[in-house]
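S.K.: Have a look at this one before I ask anything.
Protein chains: 2
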Amino acid sequence: MSQALIRKLQNFVKLSAAEQRAIERAGSERVRRIGAHEDILREGDKPNGALLIVDGWACRYKYLEDGRRQIVGFSVPGDICDLNVFLLKEMDHSIGSLTEVVVADLSRETLEGLMSGSTRIAHALWWDNLVANAIQREWTINLGQRDAVERMSHLFCELFLRQKSAGRAQGNSCDFPPTQAELGDATGLSTVHVNRTLQQMRSADLITLQNKRLVINDIDALMRQAMFNPSYLHLDRDGAHLDAND
Amino acid sequence: MSQALIRKLQNFVKLSAAEQRAIERAGSERVRRIGAHEDILREGDKPNGALLIVDGWACRYKYLEDGRRQIVGFSVPGDICDLNVFLLKEMDHSIGSLTEVVVADLSRETLEGLMSGSTRIAHALWWDNLVANAIQREWTINLGQRDAVERMSHLFCELFLRQKSAGRAQGNSCDFPPTQAELGDATGLSTVHVNRTLQQMRSADLITLQNKRLVINDIDALMRQAMFNPSYLHLDRDGAHLDAND
DNA sequence: GTAACCTATTCACATGCGTTAGTTTTTCAG
DNA sequence: CTGAAAAACTAACGCATGTGAATAGGTTAC
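This is how it looks when you write it as structure tokens:
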């Protein structure tokens, strides 16, 4: 059930078999299925734990008073939403499903058990949280400085690599369910311009995007186009000195 | 020395006199002064603790390969930079001073001592970190959805309230040292358009900005203009149930 | 099977903001 | 006080992207 999370955390530190089992167990306690295009948590809700995305895609978003919507991040299998958010009174943004989604509720007690049971797991979860912050900073840069093609290219690079790091990419392709309207809400572009931009990227033979699948025809070209530097994802076993020996 | 941090944390939870002294001590151990417009930490550096801004303003930023720069956040007195970032191998962004700055280096040991010495302090520091994430999300929204006037208004609201929460605002005014070029790097606008935007806001009598001081003439009007909703700053004593009784 | 509705696509036109290239004002070192 | 550099400001013009509106294919509900 939580293979994607374990795979992802192992980019930071090698976990022992027992640690993997502990995560496995935590991720199977309370599992729910949610339909496509539903809210999982809504702005103003009182959170009482964290969510692990087991399957499907979700997004975090927020509406302005006048109806404009900004998606501030995508959540893919292996992602934990709002680790430790139970310190805050209420959610300041919403989380909605893009596809049908399977989530595991991680209660406060479960999380505290995991973290106190293994320093390595605790560190790995903090690593994941720090990377989530870095991703959010990168979105700020993306929206502030990159033009439409660069912005879209960067988003594709990010989500391909994130899925790959969780064992969820196949060769040069991966799932990619957002509609063009959702891509617009994530990139701050109108749907018309998202469409124009995708056409342009297709005719430059950078990507193929159909049937909710993304195929990256030339990853180097795409990364160059996006000025994508993957170091912010910290996927290079930062915590190797903590690796399990068994 | 760390009054601003203590003031800010007390928005979340009331700290005992002993806890306040402990923070005071941690923030006076290693204090340095840095000139205006210098880098405090640079992308690629290996962090070995956290920084507390005691006085002056700094910013976090990142360059794209072609020289475009995005400021991803401002740091004002009382702000901690990169709490727990020592889990990561290297900085994925830089931190530079805008004015002359006084910083206190908080070593890993000092931080761990603070957090293990008081659960309330530990929680307060995590609260601060969660709020920092929420601010980063809000910047994403700001750059993705708001036009120039709204964007600038939102930035002013944020920084006024953040300084106020640290006891660093005076009535309806506060320090505001960024140049128009720096405001452009933060809002994703050209300096020319920053200038146009400020003129517009001045003629609408929303703000006065001169001599590195921001005066907010009509906070309600400014917040309306920005569609600013302060709840993401979580300034409403979320952790009241943990308050010190002494 | 078909109505209702997303989703993708295209076109024409409008505009917010960028760019280039200045000038003026302020700051600050000496 | 003076000169040089930084910061603020202005004007003209162009383009990337938004808006509104229309079409068509695909999907889902009944």
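Protein chains in written order, with my numbering: chain F, 1 to 246; chain C, 1001 to 1246. Ideal Cβ positions, reconstructed from N, Cα and C, are used throughout, including at glycine. Model, not experiment: these values are computed from the prediction.
Exposed or buried, what is N48/F when buried is set at 16 or more other beta-carbons lying within 10 Å of its beta-carbon?
M.R.: Numbered from its first residue, the first sequence carries residue 48/F at position 48. N48/F is exposed by the Cβ-count criterion.
S.K.: Could you tell me how far apart the beta carbons of A36/F and T119/F are, in whole angstroms, since I believe they sit closer than 8 Å?
M.R.: For the purposes of this step, residue 36/F is taken as the residue at position 36 of the first sequence. For the purposes of this step, residue 119/F is taken as the residue at position 119 of the first sequence. Their Cβ separation, rounded to whole angstroms, is 39 Å, which puts A36/F and T119/F out of contact at 8 Å.
S.K.: Based on Cα-Cα distance, which residue from T1179/C, R1237/C, D1105/C and A1132/C lies nearest to R1032/C?
M.R.: Within the second sequence, residue 1032/C is the residue found at index 32, counting from 1. Closest option to R1032/C, Cα to Cα, is D1105/C.
S.K.: With DSSP run on the structure shown, which of helix, strand or coil describes V13/F?
M.R.: Against the first sequence, residue 13/F aligns to sequence position 13. V13/F falls in the coil class under three-state DSSP.
S.K.: Can you find a C-beta in chain C that's less than 8 Å from the C-beta of L41/F?
M.R.: The sequence position of residue 41/F within the first sequence is 41, counting from 1. Against chain C, the CB of L41/F has no partner CB under 8 Å away; the residue lies outside that interface.
S.K.: Give a yes or no on whether the minimum CB-CB distance between K1046/C and chain F is below 8 Å.
M.R.: Working through the second sequence from its first residue, we reach residue 1046/C at position 46. With 8 Å as the cut-off, K1046/C does not count as an interface residue toward chain F.
S.K.: Quick check: what's the CA-CA separation for Q1136/C versus L1143/C?
M.R.: Counting from 1 along the second sequence, the entry for residue 1136/C is found at position 136. Counting from 1 along the second sequence, the entry for residue 1143/C is found at position 143. Here the C-alpha atom of Q1136/C lies approximately 11 Å from the C-alpha atom of L1143/C.
S.K.: Give me, in chain order, the residues of the same chain whose beta-carbon lies closer than 8 Å to that of G44/F; leave out the 5 immediate sequence neighbours on both sides.
M.R.: One-based indexing of the first sequence puts residue 44/F at position 44. The residues are E90 and M91.
S.K.: Cβ closer than 7 Å: which chain F residues qualify as neighbours of I1141/C?
M.R.: For the purposes of this step, residue 1141/C is taken as residue 141 along the second sequence, with counting starting at 1. Correct list: K62, Q70 and V72.
S.K.: Evaluate the contact criterion for the segment 1124-1132 of chain C versus the segment 1187-1203 of chain C: three or more CB pairs, one atom per stretch, below 8 Å.
M.R.: no
S.K.: Going by the beta-carbon positions, is the gap between D79/F and A50/F smaller than 8 Å?
M.R.: Stepping through the first sequence from its first residue, residue 79/F is reached at position 79. Stepping through the first sequence from its first residue, residue 50/F is reached at position 50. Not in contact: D79/F and A50/F (Cβ atoms no closer than 8 Å).
S.K.: What does DSSP give as the partner residue(s) for F86/F in the beta ladder?
M.R.: Here residue 86/F is taken as the residue at index 86 of the first sequence, counted from 1. According to the DSSP secondary-structure assignment, F86/F is paired through a beta bridge with no residue.
S.K.: Quick one: does S1094/C have its CB under 8 Å from some CB of chain F?
M.R.: Walking along the second sequence from the start, residue 1094/C turns up at place 94. No, no contact with chain F.
S.K.: Could you name the residues of chain F that E1065/C contacts, counting a contact when the two beta carbons are closer than 7 Å?
M.R.: As a position in the second sequence, residue 1065/C is number 65, starting the count at 1. What E1065/C touches in chain F: M227.
S.K.: For A18/F, which option in N11/F, F12/F and A26/F has the closest C-alpha, if you only look at C-alpha atoms?
M.R.: Position 18 of the first sequence, counting from 1, holds the residue named residue 18/F. Answer by Cα proximity: A26/F.
S.K.: Please state whether DSSP places T179/F in a helix, a strand or coil.
M.R.: Start at 1 with the first residue of the first sequence, and residue 179/F comes out as number 179. If DSSP states are grouped into helix, strand and coil, T179/F belongs with coil.
S.K.: Are G1056/C and S1097/C close, meaning C-beta to C-beta below 8 Å?
M.R.: By one-based count along the second sequence, residue 1056/C stands at place 56. By one-based count along the second sequence, residue 1097/C stands at place 97. Contact flag set, yes.
S.K.: Check whether the segment 1142-1161 of chain C touches the segment 1210-1230 of chain C, taking contact to mean three or more Cβ pairs, one atom from each stretch, closer than 8 Å.
M.R.: The segment 1142-1161 of chain C, when compared against the segment 1210-1230 of chain C, does touch it at the 8 Å Cβ threshold.
S.K.: Can a CB atom of chain C be found closer than 8 Å to the CB of R196/F?
M.R.: The residue you call residue 196/F lines up with position 196 of the first sequence. R196/F does not count as touching chain C.
S.K.: Does the CB of K1014/C have a neighbour CB from chain F at under 8 Å?
M.R.: Position 14 of the second sequence holds residue 1014/C. Judged by the 8 Å Cβ criterion, K1014/C is not in contact with chain F.
S.K.: Classify P972/C as buried or exposed, calling it buried when 16 or more other Cβ atoms lie within 10 Å of its own Cβ.
M.R.: For chain C, the structure presents residues 1001 to 1246; residue 972/C sits outside this window and is missing.
S.K.: Please compile the residues from chain C whose C-beta is within a distance smaller than 8 Å of the C-beta of N84/F.
M.R.: Start at 1 with the first residue of the first sequence, and residue 84/F comes out as number 84. Here the neighbours are W1126 and L1130.
S.K.: Can you name the residues of chain C whose CB is closer than 8 Å to the CB of G188/F?
M.R.: Indexing the first sequence from 1 puts residue 188/F at position 188. Within chain C, the residues near G188/F are L1143, G1144 and Q1145.
S.K.: Could you pull out every unbroken alpha helix (DSSP H) segment of at least 4 residues lying fully inside the segment 1065-1143 of chain C, listed in chain order?
M.R.: Those alpha helix (DSSP H) runs which fall completely within the segment 1065-1143 of chain C and span 4+ residues are 1108-1117.
S.K.: Taking just the CA atoms, how far does D243/F sit from Q10/F?
M.R.: Residue numbering aside, residue 10/F sits at position 10 when the first sequence is read from its first letter. Residue numbering aside, residue 243/F sits at position 243 when the first sequence is read from its first letter. Rounded to the nearest angstrom, the two C-alpha atoms are 9 Å apart.
S.K.: Rounding to the nearest angstrom, what Cα-Cα distance links F176/F and S94/F in this structure?
M.R.: By one-based count along the first sequence, residue 176/F stands at place 176. By one-based count along the first sequence, residue 94/F stands at place 94. Taking C-alpha positions only, F176/F is separated from S94/F by approximately 21 Å.
S.K.: For S165/F versus L214/F, is the C-beta distance shorter than 8 Å?
M.R.: By 1-based counting over the first sequence, the position of residue 165/F is 165. By 1-based counting over the first sequence, the position of residue 214/F is 214. Contact flag unset, no.
S.K.: Can you say whether T179/F is buried or exposed, counting buried as having 16 or more other CB atoms within 10 angstroms of its CB?
M.R.: Taking the first sequence and counting its residues from 1, one reaches residue 179/F at position 179. With fewer than 16 other Cβ atoms within 10 Å, it is exposed.
S.K.: By a C-beta neighbour count over all protein chains shown, 10 Å radius and 16 as the cutoff for buried, is D238/F buried or exposed?
M.R.: One-based indexing of the first sequence puts residue 238/F at position 238. With at least 16 other beta carbons inside 10 angstroms of its own, D238/F counts as buried.
S.K.: Just the C-alpha distance for L1293/C and V1101/C, rounded to the nearest angstrom, thanks.
M.R.: There is simply no residue 1293/C to check, as chain C begins at 1001 and stops at 1246 in what is shown.
S.K.: Looking only at DSSP bridge pairs, what is D1055/C linked to?
M.R.: By one-based count along the second sequence, residue 1055/C stands at place 55. Note: D1055/C sits in a beta bridge opposite V1102/C.
S.K.: Taking V1076/C as the reference, which of L1088/C, S1016/C, L1161/C and I1121/C has the closest Cα?
M.R.: Your numbering for residue 1076/C matches position 76 in the second sequence. If we check each option's Cα against that of V1076/C, L1161/C comes out closest.
S.K.: Return the chain-ordered list of same chain residues with a C-beta closer than 7 Å to the C-beta of N1195/C, the five sequence neighbours on each side being excluded.
M.R.: The residue labelled residue 1195/C in the question sits at position 195 within the second sequence. For N1195/C, where only same-chain residues beyond five positions count, the Cβ hits under 7 Å are Q1180.
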